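Scroll down for the structure; my scribbles are underneath it.
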Amino acid sequence: MQNFRYLENVTTLKLDAETCISCGMCEIVCPHSVFKVDNPKARIVDRDACMECGACAANCPTAAISVTPGVGCASYIIQTWIRGKDAVIKCC
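Each residue of the sequence shown is one higher than the one before, starting from 0 at the first, in numbering that gives the first Met the number 0.
Next up, the structure:
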């Protein structure tokens with residue numbers, strides 16, 4: 000998955016570090032390793048890897064994470080897999 004990227008700077012992902020309790024659920028459930036928990040709160044380490052699935056927000060016990068699932072270009076990554084990056088129809 001490292002070679003497949005979404006469009007840059009389009010994700011709706013937001014993290015409120017003040018509300019974070021460092022439970023680590025975001026890091027556990029994120030399929031693309033967008034989060035890292037250290038120092039002592041969660042932080043976003045790869046925002047553009049977010050596919051806006053909503054798993055992080057759904058599993059955050061304090062609602063420190065918000066994301067609008069499906070707003071970004073999930074189709075972009077699927078097209079990249081199927082057609083290759085140069086043949087992708089940009090949707091955003």
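Just so it is clear, CB atoms sit at the ideal spot from N, CA and C, and this is done for glycine as well.
The model shown is predicted, which means the values in this text are computed figures rather than measured ones.
If you count every other CB in all the chains shown that lies within 10 Å of the CB of V66, and 16 or more means buried, which is it?
Burial state of V66 is buried, judged by a 10 Å Cβ sphere holding 16 or more other Cβ atoms.
Express the C-alpha separation of C19 and A54 in angstroms, rounding to a whole number.
For A54 and C19, the distance between alpha carbons rounds to 16 Å.
Closest to P39 by C-alpha separation, out of C22, W80 and V9, would be which residue?
Looking at C22, W80 and V9, the one whose alpha-carbon comes closest to that of P39 is C22.
By DSSP's criteria, V36 is part of a beta bridge. Which residues make up the other side?
Paired residue(s): A41.
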